[in-house]
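Asks: Those protein sequence lines, which keep their order, are chains A and B.
Counting the first sequence from 1 gives a position; our numbering is that position plus 225.
Counting the second sequence from 1 gives a position; our numbering is that position plus 225.
Have a look at the structure that comes next, please.
There are 2 protein chains.
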Amino acid sequence: MNLSVLIVEDEPLIANDIREICLEHGINVAGIAYSFSQAKDLLETQSVDYVLLDIKLGDNDDGLVLGKLLHEDYFIPFSYVTSFSDSSTLTAARSTHPNGYLVKPFRSNDILIQIQLGYDISLRNVKHEIPTLEDVNKKIADGLSTREYDVLVEVCKGKSNKEIADALFVSMNTVKSHLKNIFSKFEIKSRAELLTMLLG
Amino acid sequence: MNLSVLIVEDEPLIANDIREICLEHGINVAGIAYSFSQAKDLLETQSVDYVLLDIKLGDNDDGLVLGKLLHEDYFIPFSYVTSFSDSSTLTAARSTHPNGYLVKPFRSNDILIQIQLGYDISLRNVKHEIPTLEDVNKKIADGLSTREYDVLVEVCKGKSNKEIADALFVSMNTVKSHLKNIFSKFEIKSRAELLTMLLG
DNA sequence: TTTATCATCACCCTAAAGTGTGAAAAACCA
DNA sequence: TGGTTTTTCACACTTTAGGGTGATGATAAA
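Structure below.
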């Protein structure tokens, strides 16, 4: 799964530094925004999975406003990457629901941790219904095929292999074959584990 | 809100350092554990809201085991605080669902951020929990016994009968026996159906 | 056109799950 | 104390699930 990260940072040197770190680790960079408005433009036009967000853009705390927007309107998870760690800034930041908070100067790996862990956290939140193919594929490196997903949906309904075969008009061997691939891709060994992953 | 933090760290100097930082910021320290077993003792006896967890305890990665336990059994949120940020350690750590990951050496404020942000995140995660015994019994005429509920909880975690037997310190036949009764009371035929009923 | 990938299925085999019966301690309660 | 429920376990048995290998036609990409 290839994440797309948006970098919102008014200092070009730092922004570039972050971009390099991402690219080195195979993380796609959806763009760099040097201001609040540029960030909004990119959010409208690009596919963004995670945002690294500087609190201070220019002279004001536009980062906090953008953070609030990300959480409430765009539903895109983000980490703050900022020089400030005083308690008033931190309190303000916490209220915007970031998934991470990195204080500058940072190390190369810190960026990676923010993105990966922050994204993990965002995946843990929503549940309850049978996930879509897109949601499922975010959890695994090698995505499911459409037919594999069909089988997964039936498993989520609590059906046995025989019942799934009847529902999809294929043989039970075919169902088993798809399930084998599903388990392999999720790196699990049973449908029970699959159910707890997807519904739990 | 006065948080209670457990520090799991095998180096006394670092552990003390973290303790001082917490106390300076009005965060209560539930205790310091220098080993896996000490950590388990403290988790049983103390009220703990958040855990700062070193991955390497002594010579092995007991921190990861403890992290898994915290997430699956204790339901206590935690951050790793470790010297390691290589990708294999990170991958292993991510699979245990930490709410933060801090690489040593850290700054004073980093500790505070981990605790506050990590705890914030845990509050947002109103996750789809394993239902309580009361909730479960609302769905069926003949209620489950406490031991049957214990088995049900393990099933909800995706465990196999053998794993459940080990977790509850009984034989696999006993687990099967309880499961038989559970299925009968729910009028179902498989654990998959049980999982979709409870989690779906 | 050649190469992948996907969807389908068969066959065989092992492991795990589930069923039926029965039974003996332990805990609970009246 | 005596009866009931719970918890524990055994053994034998059937069914289902899961793993390995391999093969086919179809479709898609290069």
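Every residue gets a Cβ at the ideal spot worked out from N, C-alpha and C, and that includes glycine.
Tell me the rounded alpha-carbon separation between Ile-280 (chain B) and Arg-319 (chain B).
Replies: 12 Å
Asks: Taking the alpha-carbon positions, what's the Lys-405 (chain A) to Asn-386 (chain A) distance?
Replies: 12 Å
Asks: Classify Ser-272 (chain B) as helix, strand or coil using the three-state DSSP reduction.
Replies: coil
Asks: Would you kindly report the start and end of the unbroken beta strand (DSSP E) that includes Thr-421 (chain B)?
Replies: No beta strand (DSSP E) holds Thr-421 (chain B); the alpha helix (DSSP H) holding it covers 416-424.
Asks: Hey, would you say Phe-309 (chain A) sits closer than 8 Å to Asn-324 (chain A), going by beta carbons?
Replies: no
Asks: Taking 8 Å as the cut-off, decide whether the C-beta atoms of Leu-337 (chain B) and Ile-257 (chain B) are in contact.
Replies: no
Asks: Under three-state DSSP, which class holds Val-233 (chain B)?
Replies: strand
Asks: Using 8 Å as the limit for Cβ to Cβ distance, is Asp-367 (chain A) near chain B?
Replies: no
Asks: With a threshold of 8 Å, are at least 3 pairs of Cβ atoms found where one atom belongs to the stretch 398-413 of chain A and the other to the stretch 363-376 of chain B?
Replies: Too few Cβ pairs lie closer than 8 Å, so no.
Asks: Tell me which residue opens and which closes the beta strand (DSSP E) that Ile-257 (chain B) is part of.
Replies: 253-258
Asks: Could you pull out every unbroken alpha helix (DSSP H) segment of at least 4 residues lying fully inside the stretch 349-412 of chain B, listed in chain order?
Replies: 358-363, 371-381, 386-393 and 397-411
Asks: For Thr-321 (chain A), count neighbouring C-beta atoms within 10 Å of its own C-beta (all shown protein chains included) and say buried if the count is 16 or more, exposed if not.
Replies: buried
Asks: Considering only the beta carbon of each residue, do Leu-348 (chain A) and Lys-364 (chain A) sit closer than 8 Å?
Replies: Yes, the Cβ-Cβ distance between Leu-348 (chain A) and Lys-364 (chain A) is below 8 Å.
Asks: Taking the alpha carbon of Leu-277 (chain B) as the reference point, which residue from B:Ala-366, B:Leu-369, B:Leu-342 and B:Ser-313 has its own alpha carbon closest?
Replies: B:Leu-342
Asks: Beta-carbon within less than 7 Å of Asp-286 (chain A)'s beta-carbon, same chain only, minus the 5 sequence neighbours each way: which residues are those?
Replies: Ile-280
Asks: Work out the CA separation of Ile-252 (chain B) and Leu-268 (chain B) for me, nearest whole Å.
Replies: 17 Å
Asks: I'd like to check one pair, Val-230 (chain A) with Ile-340 (chain A): are the Cβ atoms closer than 8 Å?
Replies: yes
Asks: Return the residues of the stretch 314-348 of chain A that lie within a Cβ-Cβ distance of less than 8 Å from chain B, sorted by chain order.
Replies: Leu-315, Arg-319, His-322, Pro-323, Asn-324, Gly-325, Tyr-326, Val-328, Arg-332, Asn-334, Asp-335, Leu-337, Ile-338, Gln-341, Leu-342, Asp-345 and Ile-346
Asks: With a cut-off of 8 Å on the beta carbons, I'd call Ala-264 (chain A) and Leu-291 (chain A) a contact; round off their distance for me.
Replies: 6 Å
Asks: Is there a C-beta anywhere in chain B that falls below 8 Å from the one on Thr-421 (chain A)?
Replies: yes
Asks: Taking just the CA atoms, how far does Asp-345 (chain A) sit from Pro-356 (chain A)?
Replies: 16 Å
Asks: Just how far apart, CA to CA, sit Asp-335 (chain B) and Ala-240 (chain A)?
Replies: 22 Å
Asks: Taking all protein chains shown into account, do 16 or more other C-beta atoms lie within 10 angstroms of the C-beta of Ala-366 (chain B), making it buried, or fewer, making it exposed?
Replies: Ala-366 (chain B) should be labelled exposed.
Asks: Which residues does DSSP pair with Thr-307 (chain A) in a beta bridge?
Replies: A:Val-328
Asks: So with CB distances below 7 Å, who are the chain A contacts of Lys-382 (chain B)?
Replies: Residues of chain A whose Cβ lies closer than 7 Å to the Cβ of Lys-382 (chain B) are, in chain order, Thr-421.
Asks: Who are the near neighbours of Tyr-305 (chain B) in its chain, counting only those whose CB is closer than 6 Å to its CB and skipping five residues on each side?
Replies: Taken in chain order, the residues that qualify are Leu-278, Ile-280, Ala-318, Pro-323 and Tyr-326.
Asks: From Glu-297 (chain B) to Leu-419 (chain A), what distance separates their C-alpha atoms?
Replies: 16 Å
Asks: List the DSSP bridge partners of Leu-277 (chain A).
Replies: DSSP, once it has assigned bridges, lists A:Ile-232 and A:Ser-304 as partnering Leu-277 (chain A).
Asks: Using 8 Å as the threshold, is the C-beta distance between Asp-235 (chain A) and Ser-260 (chain A) below it?
Replies: yes
Asks: Under the three-state reduction of DSSP, which class applies to Asn-227 (chain B): helix, strand or coil?
Replies: coil
Asks: Nearest chain B C-beta to Ala-417 (chain A) closer than 8 Å, yes or no?
Replies: yes
Asks: Exposed or buried, what is Gly-383 (chain B) when buried is set at 16 or more other beta-carbons lying within 10 Å of its beta-carbon?
Replies: buried
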